[in-house]
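Residue numbers (our numbering): -15 to 276. Glycine is no exception: its CB is placed at the ideal position from the N, C-alpha and C atoms. Bear in mind the structure is a predicted one, so any value in this text is a computation, not a measurement. Here the structure is laid out as structure tokens; the discussion comes afterwards.
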Amino acid sequence: MKIGYPCINLSLDCRSSKTFRLASYSEERMRLCIDNNLGCLAKILQYNLKHDLMFFRITSDLVPFASHPVCSFPWQAVYATALGKLGEFIRSKGMRVAMHPDQFVLINSPHEDVFTRSVSELLYHAELLDLMGVDETAKIQIHVGGVYQAKAASIKRFIARYQTLPEKIKRRLVIENDERLYDIHDCLEIHQATSIPIVFDAFHFRCNNRGELIGTVFGKVNKTWRKSDGIPIVDYSSQDPAKRRGAHAASVNMPDMEVLLSALQGFNFDIMCEIKDKEKSALQIVSALRSF
DNA sequence: CCCTGTCAAGTCACG
DNA sequence: CGTGACTTGACAGGG
């Protein structure tokens, strides 16, 4: 079981998601930004190794505007060596990475242009991981998408669109249950038709479920991961008591976390800890697991 | 330096 | 109809 956190390390004085305004785009600016981001990613990975945080979500902003038409800069060729080195570090230390494209990536959108842009963005994610040389267990995780006032049709469109995706995307793409539109059962239905693995978001499951036992559901989710996909990914967060339903907590609630671990006892999975204070909560989980 | 309006991209829910 | 939320604030111009 590997423990990780998303995108940002608050203990370090750098960010791997530095970007700039489209209006100030230039090749020079791109280079400076990517240099900074890759350098920071290297620092984060070293920090993670030192603290036994063996799972990490790499920010989608690592290469700004990578899939935008304005980007004529051949980042793939220019940064192939640097990305290969980062990947070599990840592989040699037995770490796992994943990515989570943002909300604009919707492969089931009825709008063809939204779909086209989504594919470009997914290609960027896939190329980045490919250049790192990390294996198929390094996943690209998305939500199913919008409902568009017709859920069954939108699920069908997801499945049809998925079939047309390039292999380099398909081998990494996984779907995650969300907190209002598509629950685990919807994801399982899509899995039936596509064999796509399912990320189990424990917090979203809590917000959006059909009253079933978590252990039973996870048994099904567990089977959607083939050997080459690695062990399942579980996203974890807890409710911020002061905020609206679905709002992520500021720091980890350990008793809550232990309830989850007990419910999933006997399964093998990696945990992505989606808590506002990032590595701090992930570290608490690492130390709690040592004595669990 | 500090302040703050705005930033590539979509969709839904809430008021 | 405008705004916030989503995995994440932070860029950049003006005072």
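So, at 7 Å on beta carbons, what are the nonlocal neighbours of residue 282 in its own chain, with the 5 sequence-adjacent residues on each side left out?
The structure shown has nothing for residue 282, since the chain only spans -15 to 276.
Write down the C-beta distance between residue 255 and residue 218 rounded to the nearest angstrom, noting that I regard them as a contact closer than 8 Å.
Their Cβ separation, rounded to whole angstroms, is 5 Å, which keeps residue 255 and residue 218 in contact under 8 Å.
Please find out if some non-hydrogen atom of the ligand MN comes closer than 6 Å to the beta-carbon of residue 118.
Absence of the ligand MN from the depicted structure is noted, as is the absence of any ligand whatsoever, leaving it without description.
If we require 3 or more residues per run, which beta strand (DSSP E) segments fall completely within the segment 130 to 162?
Complete beta strand (DSSP E) runs here, min 3: 157 to 160.
Rounded to whole angstroms, what's the CA-CA distance from residue -1 to residue 78? Just pull it up for me.
So the alpha carbons of these two residues sit roughly 23 Å apart.
Closest to residue 61 by C-alpha separation, out of 112, 34, 81, would be which residue?
Nearest neighbour of residue 61 by Cα position, chosen from 112, 34, 81, turns out to be 112.
Cutting at 7 Å between CB atoms, please list the residues of its own chain near residue 176, excluding the five before and the five after it.
Counting only Cβ-Cβ distances below 7 Å, and skipping sequence neighbours, we find nothing.
So if DSSP puts residue 42 in a beta bridge, which residue, or which two residues, is it bridged to?
BP columns for residue 42 point to 83.
Determine the contact status of residue 235 and residue 275, defining contact as a CB-CB distance below 7 Å.
No.
Could you name the residues of the same chain whose beta carbon sits closer than 6 Å to that of residue 50, not counting the 5 residues immediately before and after it, in chain order?
Contacts found: 108.
Top-ranked residue by Cα proximity to residue 54, from 94, 18, 6:
Minimum Cα distance to residue 54 is reached at 6.
Span of the alpha helix (DSSP H) holding residue 31?
Start and end: 11 to 34.
Let me know the secondary structure DSSP gives residue 60 once reduced to three states.
Note: residue 60 maps to helix in three-state DSSP.
Proximity to residue 14 [Cα-Cα], best of 52, 231, 249
Of the listed residues, the one whose Cα sits closest to residue 14 is 52.
Since residue 257 sits in a beta bridge, which residues does DSSP pair it with?
Secondary-structure assignment with DSSP links residue 257 through a beta bridge to 220.
CB of residue 252 within 7 Å of CB of residue 215, strictly:
When the beta-carbon positions are compared, residue 252 and residue 215 come within less than 7 Å of each other.
Kindly list the residues whose CB is nearer than 8 Å to the CB of residue 46, restricted to its own chain and excluding five residues on each side of it in sequence; keep chain order.
Within the same chain, 0, 1, 18, 21, 22, 25, 112 come within 8 Å of residue 46 by CB-CB distance, once the 5 residues on both sides are set aside.
Contact between the segment 84 to 100 and the segment 31 to 39: three or more CB pairs below 8 Å?
Short answer: they don't touch.
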